[in-house]
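First residue of the sequence shown? That's -10 in our numbering, and the numbers climb one at a time after it. Cβ coordinates follow ideal geometry from the N, Cα and C atoms, glycine included.
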Amino acid sequence: MNDCLFCKIVAKEIPCNKAYEDDKVLAFHDINPQAPVHLLIIPKKHIVSVADTAESDMDLYARIMSVAKRLAEEFGLKSGYRIVTNIGKDGGQAVDHLHIHLLGGRAMGWPPG
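Put into structure tokens, the structure is as follows:
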């Protein structure tokens, strides 16, 4: 997608503070962190949101979650963390590219929104 912010980050047209990268997934620090650790984990393939995933995307989605677990361990989030994905305008999705937020390093409140 030519106008997708996260696709431009994947294409290295826009820099990011990278935390992890492989051939299918990229993770980077959020530019407006809401916790001491706030990473965004995205597929390199453009998918708008979880609502737009196909059955054929499930291995990719599982890979994203595996990367989240790995990063939580690497960033020392032993006492807990939160994984969030926003879907659509009313769900708070600001960038139309599937991404999960990995938040940790402090106690998380409930309800979240």
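* Rounded separation between V14 and P4 - CA only -> 16 Å
* Asked: In three-state terms, what does DSSP make of F64?
  -> coil
* Rounded to a whole number of angstroms, what is the C-alpha to C-alpha distance between C(-7) and I36? -> 11 Å
* Asked: From the beta carbon of L(-6), is the nearest beta carbon of chain C less than 8 Å away?
  -> Checking the listed chains, one finds no chain C in this structure; it contains a single protein chain.
* Asked: Where does A16 sit, in a helix, a strand or coil, going by DSSP?
  -> strand
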